[in-house]
Amino acid sequence: MERILHCIVAFVLLSSCSKDAPQADGMEDTQGYDWGNHIPFVTSYNTFGMPYTDRYESLPLPKGSVSMSEASGIAYSVRNPGKIWAHNDSGNPNILFLLDEHNGEIAARYQVNGTANLDWEDVEVAVGPDEGKSYLYISDTGDNDERRTNYSIYRFEEPLFEASHQGQLVRISTIAVDRIQFNYPDGSHDTEAMFVDPFTKDIFLTTKRDRVSMLYVLPYPQQTDGSSTCYKAGEFSFREASAATCSKDGLRVLIKNRQDIFYWERSANETMVQLLARTPVKAPYSGEPQGEAVCFDAENNYFTLSEQANFDAWPILYNYLLKN
Numbered sequence: 613m614e615r616i617l618h619c620i621v622a623f624v625l626l627s628s629c630s631k632d633a634p635q636a637d638g639m640e641d642t643q644g645y646d647w648g649n650h651i652p653f654v655t656s657y658n659t660f661g662m663p664y665t666d667r668y669e670s671l672p673l674p675k676g677s678v679s680m681s682e683a684s685g686i687a688y689s690v691r692n693p694g695k696i697w698a699h700n701d702s703g704n705p706n707i708l709f710l711l712d713e714h715n716g717e718i719a720a721r722y723q724v725n726g727t728a729n730l731d732w733e734d735v736e737v738a739v740g741p742d743e744g745k746s747y748l749y750i751s752d753t754g755d756n757d758e759r760r761t762n763y764s765i766y767r768f769e770e771p772l773f774e775a776s777h778q779g780q781l782v783r784i785s786t787i788a789v790d791r792i793q794f795n796y797p798d799g800s801h802d803t804e805a806m807f808v809d810p811f812t813k814d815i816f817l818t819t820k821r822d823r824v825s826m827l828y829v830l831p832y833p834q835q836t837d838g839s840s841t842c843y844k845a846g847e848f849s850f851r852e853a854s855a856a857t858c859s860k861d862g863l864r865v866l867i868k869n870r871q872d873i874f875y876w877e878r879s880a881n882e883t884m885v886q887l888l889a890r891t892p893v894k895a896p897y898s899g900e901p902q903g904e905a906v907c908f909d910a911e912n913n914y915f916t917l918s919e920q921a922n923f924d925a926w927p928i929l930y931n932y933l934l935k936n
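For what it's worth, my numbering labels the leading residue of the sequence shown as 613, then goes sequentially.
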C-alpha cells in the first residue's frame with residue numbers, strides 16, 4: 613500500500629509540472645521537498661579502476677579549434693540548433709560566445725546588460741520560470757581564495773542568433789535578467805560545476821577545492837530579490853569538479869574534473885539527489901590541457917572544451933557520440 617501511495621503522489625506531482633519541463637513516466641518532482649531537514653548523503657567509492665559506460669564511443673571527434681583562451685563553460689543551444697554557448701572565466705568581460713558545433717568557429721559574441729563576470733565558471737541551457745522559453749544560466753561562483761561571502765547565478769531568456777549577428781559583438785539591453793544571489797550554509801566555496809534539473813528546475817552546484825567535491829542545491833523557485841542560503845545535498849568521492857551538465861530530458865548527468873568524467877543515468881521514481889548518491893561510472897574522456905567544460909547536445913552526445921592553458925594552439929572542441 614505504501615508503494616502504491618508513493619506512485620500516486622509521484623504521478624500528481626508530475627501532472628503539475630509546467631508544460632515546457634520534460635515528462636517521464638514515474639519520474640519524481642521534488643518541489644515542496646523539505647530541504648531544511650534534508651540529511652546530506654555521503655558516498656564512499658574508489659574512482660581508480662571504476663568501469664566505463666558502454667553507451668558512448670570511446671574516442672571523440674575533433675570538431676575544430678576554438679579561439680578562446682580561458683573557456684570555462686559550454687552549453688548546447690536550444691533556440692539556435694547547431695550552436696554552443698561558451699564563456700571565459702575571471703579576468704574577462706561578460707561576453708558569451710556562440711560557437712558552431714561543426715567546426716568550433718565563433719559565430720557571434722553577446723554582451724547582456726545586467727550581468728557581470730566576477731568569475732564565471734559554468735553555463736547551462738534549461739527550462740525556467742516561463743513556459744515555452746529556453747533560459748541561459750551562468751554561474752558566477754568561482755572563488756579560488758574561498759573568500760567571497762556572496763555568489764550569483766544569472767538567468768535570462770536565451771538570445772536568438774540572426775544572420776546579421778555573424779562575426780559581431782551584439783550588445784543586448786532588452787532581455788530581463790534574474791540575478792540569483794546566494795551564500796553557502798558552511799562558509800565560502802570555489803564552485804566550477806553547475807547544472808539544472810529540468811524536472812524540478814532546481815539548480816545544483818558542485819564544489820572544487822574542498823577535500824571532496826560537495827553538492828549544494830538552490831531549490832526552485834529561486835529567490836531573485838536579495839540573497840538566500842543554498843542547502844548542502846551531499847558529498848562525492850571525487851575531488852576538483854570543474855564542470856557539470858544534465859541532459860535536456862533530465863535522464864543523464866555528467867560531472868567532470870581534470871582527469872575524468874563521471875556519468876549517471878536516472879531511473880524511474882528517482883530524485884536527482886537519489887541519483888547522485890549512487891556510485892557513477894566513467895564516461896570516455898581524452899585528456900585536455902585544462903578541460904573545464906562539458907555539455908550534452910539534443911541527442912545526448914556530449915562535447916568538451918579546454919582552456920588554452922600554456923599551449924600555443926587554440927583548444928579543440930571534442931564531440932563524444934552516443935552509440936546506436
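Cβ atoms here follow ideal geometry from the backbone N, Cα and C, with glycine treated the same way.
Quick check on the burial criterion: 16 or more other C-beta atoms within 10 angstroms. Buried or exposed for ASP666? As a first step, residue 666 is located in the sequence shown; it is residue number 54 there, counting from the start. Exposed: under 16 other Cβ atoms inside 10 Å.
Got a sec, what are the start and stop residues for the alpha helix (DSSP H) VAL885 sits in? Residue 885 sits at position 273 when you count from the first residue of the sequence shown. Here the alpha helix (DSSP H) through VAL885 covers 884-888.
Euclidean distance between Cα positions of PHE874 and ASN912: As a working mapping, residue 874 is identified with position 262 in the sequence shown. As a working mapping, residue 912 is identified with position 300 in the sequence shown. Each residue's Cα considered, the two are about 15 angstroms apart.
Under 8 angstroms between the Cβ atoms of PRO652 and ALA845? Position 40 of the sequence shown, counted from the start, is the residue given in the question as residue 652. Position 233 of the sequence shown, counted from the start, is the residue given in the question as residue 845. A contact, by the Cβ cut-off of 8 angstroms.
Cβ neighbour criterion (16 or more within 10 Å) applied to GLU743: Against the sequence shown, residue 743 aligns to sequence position 131. Classification for GLU743: exposed.
Tell me, to the nearest whole angstrom, how far the beta carbon of ALA720 is from that of PHE773; I am working on the premise that it is less than 8 angstroms. Counting from 1 along the sequence shown, the entry for residue 720 is found at position 108. Counting from 1 along the sequence shown, the entry for residue 773 is found at position 161. Sure, about 6 angstroms apart at Cβ, within 8 angstroms.
If you drop the 5 nearest sequence neighbours on each side, which residues of the same chain put their C-beta closer than 6 angstroms to that of GLU900? Here residue 900 corresponds to residue number 288 of the sequence shown, with the count starting at 1. SER918.
Tell me which residues share the same chain as SER839 and place their Cβ nearer than 8 angstroms to its Cβ, disregarding the 5 neighbours each side in the sequence. Taking the sequence shown and counting its residues from 1, one reaches residue 839 at position 227. Closer than 8 angstroms at Cβ, skipping near neighbours: ASN762, GLN793, PHE794 and ASN795.
Can you list, in chain order, the residues of its chain whose CB lies under 6 angstroms from that of ASN725, leaving out five sequence neighbours each side? Locating residue 725 in the sequence shown gives position 113, counting from the first residue. The answer, listed in chain order, is SER785.
What beta strand (DSSP E) runs, 3 residues minimum, are completely inside the region 676-743? 683-688, 695-700, 707-712, 718-724 and 732-738
In DSSP terms, what GLY846 is bridged to: Counted from its first residue, the sequence shown places residue 846 at position 234. Note: GLY846 sits in a beta bridge opposite PHE653 and LEU827.
Inter-residue Cα distance where the pair is SER879 and LEU888: Within the sequence shown, residue 879 is the residue found at index 267, counting from 1. Within the sequence shown, residue 888 is the residue found at index 276, counting from 1. C-alpha separation (whole angstroms): 11 angstroms.
Below 6 angstroms CB to CB, which residues in the same chain sit around LEU671 once its five sequence neighbours on both sides are set aside? In the sequence shown, residue 671 corresponds to position 59, counting from 1. Nothing listed; no residue qualifies.
Counted within 10 angstroms of its Cβ, other Cβ atoms place ILE654 as buried (16 or more) or exposed: On the sequence shown, position 42 is the one that residue 654 refers to. Looking at the sequence itself, residue 654 is Val, so the reference to Ile does not match. It counts as exposed.
Contacting residues, own chain, Cβ-Cβ under 6 angstroms from LEU730 (five flanking each side not counted): Locating residue 730 in the sequence shown gives position 118, where the first residue counts as 1. Excluding residues within five positions, the ones whose Cβ falls inside 6 angstroms are ASP752.
Inspect the beta-carbon positions of TYR668 and LYS868 and report whether they are closer than 8 angstroms. Mapped onto the sequence shown, residue 668 falls at position 56. Mapped onto the sequence shown, residue 868 falls at position 256. Their beta carbons are not under 8 angstroms apart, which means TYR668 does not touch LYS868 by this criterion.
Under the rule that 16 or more other beta-carbon atoms within 10 Å means buried, what is TYR688, buried or exposed? Counting from 1 along the sequence shown, the entry for residue 688 is found at position 76. Label assigned to TYR688: buried.
Who are the Cβ neighbours of GLN886 in its own chain at under 8 angstroms, not counting the five residues just before and after it? Translated into the one-based positions of the sequence shown, residue 886 becomes position 274. Correct list: empty, nothing qualifies.
In the DSSP assignment, find the beta strand (DSSP E) that holds SER839 and state where it starts and stops. By 1-based counting over the sequence shown, the position of residue 839 is 227. Looking at the DSSP string, the run of the beta strand (DSSP E) that includes SER839 is 839-841.
CA-CA distance, PHE709 and ILE718? Translated into the one-based positions of the sequence shown, residue 709 becomes position 97. Translated into the one-based positions of the sequence shown, residue 718 becomes position 106. Going from the Cα of PHE709 to the Cα of ILE718 covers about 6 angstroms.
What is the DSSP secondary structure of ALA775, counted as helix, strand or coil? Here the question's residue 775 lines up with position 163 in the sequence shown. Reduced to three states, the DSSP call for ALA775 is helix.
Beta strand (DSSP E) segment containing MET806, residue limits: Numbered from 1 along the sequence shown, position 194 holds the residue referred to as residue 806. Note, MET806: beta strand (DSSP E), 803-808.
Report the residue from ILE787, ARG851, TYR930 and THR857 whose alpha carbon sits nearest the alpha carbon of PHE816. For the purposes of this step, residue 816 is identified with residue 204 of the sequence shown, where counting begins at 1. It is THR857 whose Cα lies nearest to the Cα of PHE816.
Is it buried or exposed, HIS699, if we count other Cβ atoms within 10 angstroms and call 16 or more buried? For the purposes of this step, residue 699 is taken as residue 87 along the sequence shown, with counting starting at 1. Looking at its Cβ environment, which holds 16 or more other Cβ atoms inside 10 Å, HIS699 is buried.
Measuring straight from C-alpha to C-alpha, what distance separates TRP876 and VAL893? Mapped onto the sequence shown, residue 876 falls at position 264. Mapped onto the sequence shown, residue 893 falls at position 281. The straight-line gap from Cα to Cα measures roughly 7 angstroms.
Run through the DSSP bridge pairs and tell me what ARG767 is partnered with. As a first step, residue 767 is located in the sequence shown; it is residue number 155 there, counting from the start. DSSP output for ARG767 lists TYR749 and ASP790 as bridge partner(s).
Distance between beta carbons of VAL739 and TRP697, contact taken as under 8 angstroms: Here residue 697 refers to the residue found at position 85 when the sequence shown is read from its first residue. Here residue 739 refers to the residue found at position 127 when the sequence shown is read from its first residue. At roughly 16 angstroms, the Cβ-Cβ gap does not stay under 8 angstroms, so TRP697 and VAL739 are not in contact.
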